[in-house]
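Just below is one structure, and these are the notes that go with it.
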Amino acid sequence: MFVPAEDFVLFALGVHGIVIAATLVLARRPSACGAVAFLGAAVAVVFTTATATAVLTSSAPVGGILFTHAASGVVLDYLVTPLSAWFLVIVGVVSIPVAVYSIGYLPHTVPPSRIAAVGATFNVLLATVELVLVANNVIGFLFAWELMTLATAALVATEHEAGVSRRAAYLYLVMSHVGTGALVAGFFTLSSFARSLSFADIFTGAVVSDPLRHILFVLFLGGFGVKAGIVPFHVWLPEAHPAAPSSISALMSAVLIKAGVYGLFRVCAFGLGTPHMNWGLLCMGLGALSAILGVLYALAQRDVKRLLAYSTIENSGIILLGLGAGMVMIANGQNSFAVVAVAASLYHALNHAAFKGLLFLGAGGVVMATGTRRIEEFGGLVRRMPFSAFLFVIGALAISSIPPFNGFASEWLTLQALLLGFESVPGLVRVNFPVAGALLALTSALAAACFVKAFGITFLALPRSRAAVEAHEIPNLMLLPQAFLASVCLALGLVPGLVLSVAGAVTASLPGLSSSASVALGGLGLRTGPDIAATVIPSALGLTVLAAVAIAVAVVGVFRLGRIVRRVPTWGCGGALTPVTEYTGTAFSKPLLMIFRAVYRPTREVEALAEVSPYFPQEVRYRVEIEATFERYLYRPLTRAVIEVAERMKVLQAGSLHAYLGYVLVLGLILLIWLGGR
Amino acid sequence: MEQALVIAAALLQGLGMLAVAPLLRGLIKKMKAALQTRQGPPLLQVYYDLAKLLRKEPVRSETASWVYVAGPRLYFAAGLAATTLVPVLVAAAPLETAGGVIGLVGILALGRFALATAALDTGSPFGGMGGSREMTIAALAEPALMLGLFTAALASGSLNLGAVVRHSLELGNSFHPSDVFALAGLFVVLIAETGRIPVDNPATHLELTMIHEAMVLEYAGPDLALVEWASAVKELLYITLLIDLFIPVGIASAIAPGPLAVAAGAWAAKVFVFAVVITLVESTNAKLRLFRVPELVAVALGLGFLALAIRFL
């Protein structure tokens with residue numbers, strides 16, 4: 067091999083490059099170029115994941131030079147730190163199954179002429195995400211970041227005949243570029259103070275002093291927060307994620323969001339010196355807000371992919387909540403406690419990638435089989451798509467933080483971190499921790515309600531539309547990646563100790579986190595202590611439940627004595643049971659919609675059409691819309707103001723050459739006076 | 005050897021709770037009847053009902069799938085498995101390291117998820133209505149529950165119930181004024197989670213007011229028996245949880261016949277007191293409208309905050 071055994075980064079990027087070229091060459095043969103593009107992408111990712119695994123096991127960063135330009139002196143180098151490696155593993159866990167799924171999926175949803183473009187862009191996207199994660203200097207990072215944004219926007223606009231897709235891509239571009247603008251400002255300020263473009267020099271924490279440091283923190287939080295889908299920068303996410311083809315949605319929700327999260331870790335929490343306590347509190351606040359609003363909006367959705375997209379906002383919030391708790395603890399010098407919080411956050415980032423990838427791929431299968439994204443038009447799919455249903459329910463259990471699946475383990479750890487936070491922080495500030503704990507509990511219970519709805523209305527009872535009646539199980543090529551992700555969800559839940567000992571390599575590499583603290587209890591369990599002693603072994607919980615199921619089956623079996631089950635029609639309340647009388651998804655989430663109406667501000671319209679008497683309506687129409695609060699009260703005034711300013715500035719753009727020459731003259735004069743004055 | 009002992013203890017405690025749980029329901033029914041100057045069903049009626057249901061022919065909907073079959077089994081299993089995580093007679097839970105109180109909450113969430121999902125499987129509108137309401141109320145009760153558990157954990161330095169109990173035994177008189185508020189808050193959670201008046205009426209089959217009953221309306225025979233039995237276990241479990249957190253006095257600190265007998269007596273007496281309180285609450289209150297339940301839960305949340313504030317601020 068022409069590269070060092072443990073460093074495959076350049077090799078993987080090369081593979082991406084070759085695959086892109088091959089894909090474009092084969093563009094006229096859609097089936098071949100699809101297979102080449104996605105298998106090639108998977109191969110490249112296998113190599114980066116191998117590098118990442120090596121870094122995580124040895125705890126020794128590997129790096130090298132990407133590109134040198136002698137004339138300008140620009141050297142783009144990369145460094146796979148344990149933190150980068152953790153996120154590279156997240157990329158690997160999701161994008162390999164997504165790539166395999168795409169081979170089967172894309173020919174069904176994308177016109178053949180576009181497969182080459184999607185395949186090539188997919189590779190560009192993965193390569194740039196990998197670059198973002200390993201870049202070790204400002205120019206390389208921003209270049210990769212921008213390319214990643216453009217590639218994503220292109221993929222969102224895959225079905226660009228639809229106005230919705232174009233709008234989503236546009237919104238995504240605008241929001242992302244505002245975010246990138248904040249990042250550029252932040253990075254270049256740091257660079258100019260450090261007189262270096264290298265991350266090694268600008269993230270020492272001693273580069274800028276306090277008032278400016280706060281401004282930089284806010285800039286970076288906003289910049290990365292846009293990508294991470296943090297409220298209030300989230301508005302693009304529920305538009306963009308559903309618009310893309312489902313396998314791309316999976317990649318966006320599971321992986322691209324994590325690029326923003328990586329930035330929050332790398333810069334906001336650990337790049338600007340010891341975090342100030344208010345930074346941590348701000349992160350906790352935004353995290354809790356994202357979590358609760360994300361899940362509430364997810365509950366109210368009737369489009370399965372939008373539901374999943376809002377749930378991504380929720381999980382980003384949980385990740386940020388853990389990170390923020392860690393920052394507050396570091397600010398208070400409680401470094402061994404902070405390890406728990408940061409590890410919980412990292413763990414949840416990995417877990418979210420696994421279950422959200424699974425759920426998006428599952429939703430993609432359902433959308434492909436039925437041709438619609440509306441939950442109210444599904445139903446009864448458990449008989450028609452039994453494997454999809456089984457795999458979806460695993461994802462639903464994992465995301466509802468139910469043991470022994472992975473979501474439970476990271477939620478457990480986050481709650482422990484919040485408990486420890488109360489212990490470790492003095493004064494009234496610590497009240498934030500139990501409040502956050504209560505909100506987290508509410509969030510996960512609402513997530514369970516949301517996914518009972520998503521699974522139940524989609525897969526159970528009678529089909530609600532012609533499309534659902536005629537649906538068929540998706541091909542094995544699309545089921546296998548889901549089966550892989552489902553087993554990852556289970557495995558990550560069963561061996562939290564192992565996961566956390568690997569995450570220990572990451573936390574040990576971060577400044578301000580003591581390396582001695584460990585939360586692993588063997589490979590199978592977690593523990594915290596001694597201040598708040600708690601242990602959990604999810605596999606034991608799982609086995610206990612299994613044993614108890616066996617007892618339940620035995621109890622029923624002993625009494626039944628070989629009698630066979632009689633099948634009868636469901637009681638239809640005196641009439642025939644039809645799909646019309648079934649409970650709908652809208653009805654399912656109605657009580658919560660009513661209870662949280664202060665958040666949703668719903669507008670309801672009930673219309674009864676009666677011919678004879680109002681007491682015997684022929685037809686009742688019900689419409690409910692929830693208000694897009696952030697769009698209406700934050701973004702609409704903002705865009706209106708921007709447009710207004712632009713209108714005013716139109717005066718300057720008179721269209722007359724003389725005027726423009728006049729401007730140049732005035733500018734030249736001002737510059738002369740200013741420079742002359744120095 | 006030690007593992008075998010742990011498994012035996014878990015099995016014994018689980019089956020023991022399974023055996024006595026229906027008695028609690030019977031007791032509450034009997035006491036309620038007494039308050040209404042009725043004779044009421046025999047104390048053991050719940051057992052007779054379970055036996056009758058288990059012997060019946062299993063009848064299932066044509067529309068239902070495996071999810072419908074899995075629902076009651078998982079619900080039952082979750083209730084049973086959760087009993088191994090609480091100390092009942094001995095100041096240690098059989099499977100204490102497997103998961104403290106968060107593990108318990110997680111396992112009960114599994115049962116609820118399974119049953120609420122299964123409720124949607126028959127296509128009957130009642131199932132959906134019940135499942136929706138059950139998940140709603142569970143979600144609302146969750147923050148108050150977590151806050152109560154937070155306070156208890158901070159006071160005793162552990163989230164493992166065995167350690168919580170041992171901590172208060174060590175202190176001797178562990179009573180703290182904040183306990184009153186925390187207990188009251190968690191008692192509201194108990195009412196909400198076990199479907200008692202004023203949140204839900206276990207005796208009603210009036211379509212607009214049912215919650216839990218609507219969710220399991222389609223179940224019959226052995227499947228229904230599992231659900232009923234598990235609900236009884238869950239109720240006993242929540243009561244035992246509150247006993248462990250607030251009034252563990254009398255619990256045996258070693259496995260010996262004498263202390264165990266005392267512990268059994270003390271536990272039974274405490275459960276009886278809870279049963280009396282639940283009976284009184286059920287008999288003197290009317291069921292709340294569904295949309296008034298958030299106010300009740302908000303009270304629980306407020307009590308939880310008050311307890312936390314009194315204790316630590």
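Protein chains in written order, with our numbering: chain A, 67 to 744; chain B, 5 to 317.
For every residue, glycine included, the Cβ atom is placed at its ideal position computed from N, Cα and C.
Classification of residue i by the beta-carbon crowding that lies within 10 angstroms, buried from 16 upward
i: Q17(B); result: buried
i: F68(A); result: With a pLDDT of 40 at F68(A), under the threshold of 50, the modelled position of this residue cannot be trusted; read the value that follows with caution. So F68(A) ends up on the exposed side.
i: C555(A); result: buried
i: M715(A); result: exposed
i: H226(A); result: exposed
i: N542(A); result: exposed
i: R532(A); result: exposed
i: E671(A); result: exposed
i: V220(B); result: buried
i: D125(B); result: buried
i: Y681(A); result: exposed
i: P70(A); result: Note that P70(A) scores a pLDDT of 47, beneath 50, so its modelled location is shaky; the value from the coordinates is reported in the next line. It is exposed - the Cβ of P70(A) has fewer than 16 other Cβ atoms within 10 Å.
i: N289(B); result: exposed
Residue-level contact to chain B via CB, residue i, 9 Å cutoff
i: G595(A); result: yes
i: L347(A); result: no
i: Y41(A); result: Past the boundaries of the shown model lies residue 41(A); chain A is included only from 67 to 744, so the question cannot be answered.
i: G522(A); result: yes
i: V69(A); result: Because the pLDDT at V69(A) is just 43, under 50, the model does not fix this residue reliably, and the point stays unresolved.
i: K519(A); result: yes
i: T573(A); result: no
i: F403(A); result: no
Within 9 Å, strictly: CB atoms of residue i and residue j
i: A148(B); j: G104(B); result: no
i: A429(A); j: R439(A); result: yes
i: L506(A); j: E477(A); result: yes
i: V141(A); j: F113(A); result: no
i: F130(B); j: M214(B); result: yes
i: F185(B); j: I314(B); result: yes
i: S287(B); j: A95(B); result: no
i: A348(B); j: V193(B); result: The first residue shown for chain B is 5 and the last is 317, placing residue 348(B) beyond what the model contains.
i: R689(A); j: L675(A); result: no
i: F278(B); j: I243(B); result: yes
i: A502(A); j: A391(A); result: yes
i: L221(A); j: T255(A); result: no
i: G83(A); j: A193(A); result: yes
i: T636(A); j: S136(B); result: no
i: L249(B); j: L187(B); result: yes
i: L92(A); j: A182(A); result: yes
i: P98(B); j: P252(B); result: no
i: L457(A); j: A549(A); result: yes
i: L551(A); j: L427(A); result: yes
i: A113(B); j: I468(A); result: yes
CB contact below 9 Å: residue i versus chain A
i: R116(B); result: yes
i: V253(B); result: no
i: A23(B); result: no
i: T244(B); result: no
i: S162(B); result: yes
i: L300(B); result: no
i: I247(B); result: no
i: E232(B); result: no
Contact belief for residue i with residue j at Cβ below 8 Å, rounded distance in angstroms
i: E72(A); j: A120(A); result: 4 Å
i: A306(A); j: V230(A); result: Actually they are not in contact, since the Cβ atoms of A306(A) and V230(A) sit about 10 Å apart, beyond 8 Å.
i: V273(A); j: F290(A); result: Not confirmed; about 18 Å, so no contact.
i: S584(A); j: G570(A); result: 6 Å
i: I441(A); j: V370(A); result: 5 Å
CB contact below 9 Å: residue i versus chain D
i: G337(A); result: Here chain D cannot be found, since the structure's protein chains are A and B.
Checklist entry - Considering only residues of the region 441 to 522 of chain A, which uninterrupted alpha helix (DSSP H) runs meet the minimum length of 4 residues and lie entirely inside it, listed in chain order? => result 447 to 450, 452 to 465 and 472 to 490
Next on the checklist: Give the list of continuous alpha helix (DSSP H) stretches no shorter than 4 residues that lie fully inside the region 598 to 686 of chain A.
Outcome noted: 604 to 626, 651 to 661 and 663 to 666
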